[in-house]
Amino acid sequence: MSNDAAGGCAPDEEELMELTQTTMSERQRAYRANYRQRVAGWYNGLLHIAIIYVIGFTALYIYLSNLDAPSWAELATVPVTFLFCNFVEWWIHRYVMHRPSKNPVARAVYNRHTLQHHQFFTEHEMRFADHRDYRVTFFPPYALAAFTLMSIPGAIVLGWLFTANVSWLFITTTTSIYMIYEFMHFCCHVDDNWFVRNMPFINTNRRHHTAHHDQSIMMERNMNLTFPIMDWLFGTSDLNRGLIGTLFNGYSTKHVKTDMRKTARTPRAPGAAPQKAYAQPAE
């Protein structure tokens, strides 16, 4: 589940697991094949998902078990925390995941997201070919543990300032948003089907995220992955619509802006020359 990749599949197996009906470029096809060769042979995408959600639901059970008849005022913690998380999601995606940095942690996040995920998936081909491709989309399971640890100080402060219920509701909401993020992102990369095509919010995010994978606008547009509230608020949505229209846009391209600034299509590593055909997965 980590970023370590070794003992990948044999080349003939790699060819068998690629999509056959696709409009991907040869550059994207080459990157996907190269990435898969470096994924550990023991990796299982279904197990990866199971570990994340077992950890997540176990944590939620613990948090909710500690609630003691929260009042309506205390329950207001949930929407406030939800909006806070939506902003953090937008900010990290825009200013960390798509901005090269000298900070080693931020640089690792940038490399994994911009130089790997955005070359494995483009607006021309967003789909997984096999469960082993989940590795390039889902965060490692330890990321949920790290995210929880980051939420604990805030929960402690809120418990001290207000009540224990506020503390537990805060960390319940942050963990829930993390799990929703992973699910929504997964839905953006599966084959088109009735559920993702018709489910509100999910259908909106599929179009929203596919547009974001256009490398000419990915640095500035469609940074939210759960609900594009902050994209609407800060003008980074590629749609010219109000909040409700943005949230429930679905697959429609009727309101896509026509005056968006385009940037270089090939991402760069910090201080590096333009990338060649593909970047290597982190060892």
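Add 124 to a position in the sequence shown, counting from 1, and you land on the number used in the numbering used here.
In this text, a Cβ means the ideal position worked out from N, Cα and C, and glycines have one as well.
| Item | Value |
| --- | --- |
| Buried or exposed by the 16-neighbour rule on C-beta atoms within 10 Å, applied to Trp214 | buried |
| Which listed residue (Asn158, Ile173, Ala269) has its alpha carbon closest to that of Phe244 | Asn158 |
| Where Leu143 sits in the DSSP three-state scheme | coil |
| Three-state class that DSSP yields for Glu247 in the structure shown | coil |
| Per-residue burial, His222 [other beta carbons within 10 Å of its own, 16 or more giving buried] | buried |
| Asp315 and Ile341 closer than 8 Å at C-beta | no |
| Limits of the alpha helix (DSSP H) - the one that Ile216 falls within | 201 to 219 |
| Exposure of Asn227, with buried meaning 16 or more beta-carbon neighbours within 10 Å | exposed |
| Nearest candidate by alpha-carbon position, reference Thr183, set Tyr167, Ala269, Met347 | One point to set straight first is that residue 183 is Ala, not Thr, in the sequence displayed. The candidate whose alpha carbon is nearest that of Ala183 is Ala269. |
| Beta-carbon contacts of Thr205 that lie in its chain and below 6 Å, excluding the five residues immediately before and after | Phe294, Thr297 |
| Range of the contiguous alpha helix (DSSP H) that encloses Ala269 | 265 to 285 |
| DSSP state of Glu137 mapped onto helix, strand, coil | Here the model assigns Glu137 a pLDDT of 47, short of 50, so the residue's position is not dependable, and the following value carries that caveat. Correct three-state label for Glu137: helix. |
| Trp318 classed as buried or exposed, judged by whether at least 16 other C-beta atoms fall within 10 angstroms | exposed |
| Stretch-stretch touch, CB-based, cutoff 8 Å, three pairs: the stretch 149 to 163 with the stretch 250 to 265 | yes |
| Contact set for Ala253: own chain, Cβ-Cβ below 6 Å, skip 5 residues either direction | Met141, Glu142, Leu143 |
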